[in-house]
Amino acid sequence: MDTRQPSRLLPLLPARTQAVNDSSGSFSGAEERNTEMSRDIATSNRPKRTAISVACENCRRSKAKCDGARPFCHRCAARDEDCVYRADVNETASQALKRKHRALQLELAQYKELFNLLRDRPVDEAQEIFRRVRTSSEPAQVLHAIRHAEILLPSPSTDEWVGHAQLAKLDRDALTDSAIKVSARPWTSVVGDGLVSELITSFFVWDDTYWFASVDRDAFLEDMATGDVRTAKWCSPFLVNAICALRCHFVDRAKQFGAITRQNMAERFFEEAKSLLDREQGRSSLPTAQALAIMYFVEAGLGRDRASQLYRFAALAMISRLGLERRFTALNENDPGVSKERRAISRALWGLYLQESRVAFYYYQPSILPLPRVPKLFDYGGAAAADNGMANVDVLGQPLEESSDKIPLVPGTLTLSCELSQLWNELMQHLTAPQTVRGSDYDVRLRKVFYTRLRRFREDLSGRFRVENNFTPSTCFIRMHENEVAHTILQTLPYETHFETPFTSRGTLVKDLVLEHCRSDIELAEVYLQKWPYEAMSSRVLHVATQTLVPILDDPVTHDLFTRGCVMMRLASRVMKVMGRMLQAVQALAWALDKPIPVSARVYLEDWGQDAVEKDLPVSFVLPQREEIRKLLASGVEDTDVESLEGQLGVLIEKWAKLRP
């Protein structure tokens, strides 16, 4: 018996019988060759598999061939599975990893920023941030909401310069040299503490005593020191950025910072201020009104005063809505708890009145703001203007030694500035009254009265307010302001008009006084600029004096003064573009009056000639209201009242450019 297990192998087929005739053999060989050829053709026609850089996740895990088709590869589509790729189209796996790494770094930075905000912000803001975190599932959304909230929070993009050694040193040096040290955050996210401290310090040194005197320094700095935007009453991010934009025109470190970072820092702060204004959404507050008034000057300083008028009128409208005088009256003067508010409101009203009066000069109109009906609670209640025993002080109000290299301030200057502005506005009310006949006996007689009041103002000044006794920027500005009022009194009068007053000699002509005050301006500016830098007031007086000389350029006596004025105006144009426009205006005015520019002055006007005149010049200043100028402006202007023509300076410059020989 066979005990072997049956084989599971299939039996082999018997071998095929070999063909014996040639014909059958030939046929069999041909068949094999045809089969091989068909196989080769089929193989060659088969599409080659395309190499792909990244397989989908399913194919990668299964180690299967993936064709890389998107959004579904063929294998995933056939299996009805989700098809996910780690890399984007035309991206390698390593590139995808780097991208994911960057995304994770960004996410980590966002978490860190949220943590820092929760740790560093005031309690009320930190609670608001925490509330937003609890109601959101995405940290990026929370951070985005915080950055676009009404409170100004730090932006990571503004910290990029911190690692730059040169910029960091600039910021440190600025902080060291600043008498007033403040924290930039949360008030501005443009630069760091050092540069902001220097800009704020320079504002209270140069502008707070004359041009922009509406900001109460102590109240402003107290609010800024708290770092609490929501509770601040006298400071705001909008106001801080407007101040910084203004001072960037004049502070050297701000210009160095801009040169290194390749940006105009005044424009940078200006844009930041505009974005903050948008967030205000029309809400009225004193800091907003003050910032709007400053924004006017920033834009005008860039040579765009026509556009800046929007800020001016917005500020004036907001001041009216605020009802500051009613608020002041409602406060109990015997309540020490409101003394700071009363002082801040008083300074705001008088400071804005002063500023608007300086602006109105360029439009030949009185101040739109009325004379404040509140007492002057600054300058020790106005007493500083009468006290001859007070010493010069520094920006913090501390007595200043004569040997100190700090900029000396003279307490009482603001009170005197307000008195001069009040006198100037009374004069302008007369000059712009419909019933006033310029050059009439009554007009000349009344102008003599105003001139006598002006000279008596100087006679009554104590010694520390006289530039001859106490040479400081403050006393220089007082004298420049006096001369500006004098120019307004004499403007439009025939030069051969006799102008005898108790302060002028017999036979004095208007032309004699015009030359006297122009000489005073230009000589004072020269001495001033030997010691201190160009500022708004010093630049302004150069334009006023040089323009005033144009109608009498046919007298050789004026040529030297005019040339010296042009030299300083050209240098001032490097600081403020609007001064270049004024140089063009001086040339256009000389052309309009057919007065030849002195040969000695022409070289200083080359960069601001007719070829440099822009189309549709954005300048709306008004020219001296002389009859010959008004006639020229009226030529070719249809259905327009020349008396109310806005932009006379721009119109004249454009005519000069078009009609040049």
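Residues 139 to 799 (this note's numbering) are what the sequence shown spells out, left to right. Every residue gets a Cβ at the ideal spot worked out from N, C-alpha and C, and that includes glycine. Quick caveat: nothing in here was measured; it's all calculated off a predicted structure.
Quick one: is residue i buried, meaning 16 or more other Cβ sit within 10 Å of its Cβ, or exposed?
i    : result
R596 : exposed
I483 : buried
T626 : buried
H636 : exposed
L414 : buried
F388 : buried
R240 : exposed
S200 : exposed
L150 : exposed
V587 : exposed
N530 : buried
R213 : buried
N379 : buried
G332 : buried
L727 : buried
S335 : buried
P508 : exposed
P513 : exposed
With a cut-off of 8 Å on the beta carbons, I'd call residue i and residue j a contact; round off their distance for me.
i    : j    : result
T684 : P736 : Incorrect: roughly 12 Å between the Cβ atoms, too far for contact.
L631 : V648 : 5 Å
S555 : Y249 : Wrong, their Cβ atoms sit about 53 Å apart, outside the cutoff.
F376 : T426 : 6 Å
L337 : R385 : 4 Å
A351 : L538 : No, A351 and L538 are not in contact; Cβ-Cβ is about 19 Å, not under 8 Å.
V623 : L561 : 6 Å
I381 : I457 : That pair is no contact at about 18 Å.
From the options, pick the residue whose C-alpha is nearest to that of residue i; which is it?
i    : options                : result
T610 : V343, P277, D315, S232 : V343
Q536 : S559, C204, A317, A264 : A317
Y501 : C221, M566, L558, Y518 : M566
D345 : L430, R400, V476, Q493 : Q493
D732 : D693, P689, Q419       : P689
K412 : F210, A429, L653, L490 : A429
A193 : D315, R224, D220, R602 : R224
L699 : A723, L487, E654, D226 : E654
I506 : R496, V222, Y742       : R496
V533 : S612, T467, L599       : S612
C614 : A710, D659, A468, Q304 : D659
A452 : Q419, V605, F466, A468 : Q419
What number of angstroms, rounded off, separates the C-alpha of residue i from the C-alpha of residue j?
i    : j    : result
R270 : E276 : 10 Å
E479 : D361 : 13 Å
V801 : D354 : Residue coverage of the chain in this structure runs from 139 to 799, which leaves residue 801 outside it and unanswerable.
K544 : K238 : 55 Å
L691 : M720 : 17 Å
L281 : V679 : 49 Å
V575 : L584 : 12 Å
E638 : R591 : 14 Å
E776 : R421 : Low confidence applies here, because E776 scores a pLDDT of 41, under 50, leaving its location unreliable and the question unanswered by this model.
P474 : A357 : 15 Å
G577 : D390 : 47 Å
R602 : N608 : 5 Å
V760 : P640 : Caution is warranted here: a pLDDT of 48 is assigned to V760, below 50, making its placement in the model unreliable, and the coordinate value is therefore given only provisionally. Roughly 32 Å separates the two Cα atoms.
V436 : P734 : 33 Å
T296 : V716 : Note on T296: pLDDT 47, under 50, position unreliable in the model; the coordinate value appears next. Rounded to the nearest angstrom, the two C-alpha atoms are 30 Å apart.
I267 : E251 : 11 Å
R464 : T570 : 29 Å
K203 : D309 : 60 Å
D416 : S423 : 14 Å
W670 : I616 : 16 Å
A445 : Y434 : 8 Å
R459 : S738 : 52 Å
M403 : R323 : 17 Å
P504 : A498 : 6 Å
C373 : G365 : 10 Å
C656 : M714 : 22 Å
R644 : D693 : 22 Å
Q763 : Q629 : For Q763, the predicted structure reports a pLDDT of 47, less than 50, and the residue's modelled location is therefore unreliable. The matter cannot be settled from this model.
Going by DSSP, what residues sit across from residue i in a beta bridge?
i    : result
T547 : According to the sequence shown, residue 547 is Leu rather than Thr. BP columns for L547 point to V531.
P537 : V531
L509 : The partner list for L509 (beta bridge, DSSP) is empty, contrary to what the question assumes.
H302 : Paired residues: none, contrary to the question.
H636 : L647
Kindly say whether residue i, judged by its beta-carbon, lies nearer than 9 Å to any beta-carbon of chain C.
i    : result
P671 : Structure shown: chain C not included; a single protein chain is present.
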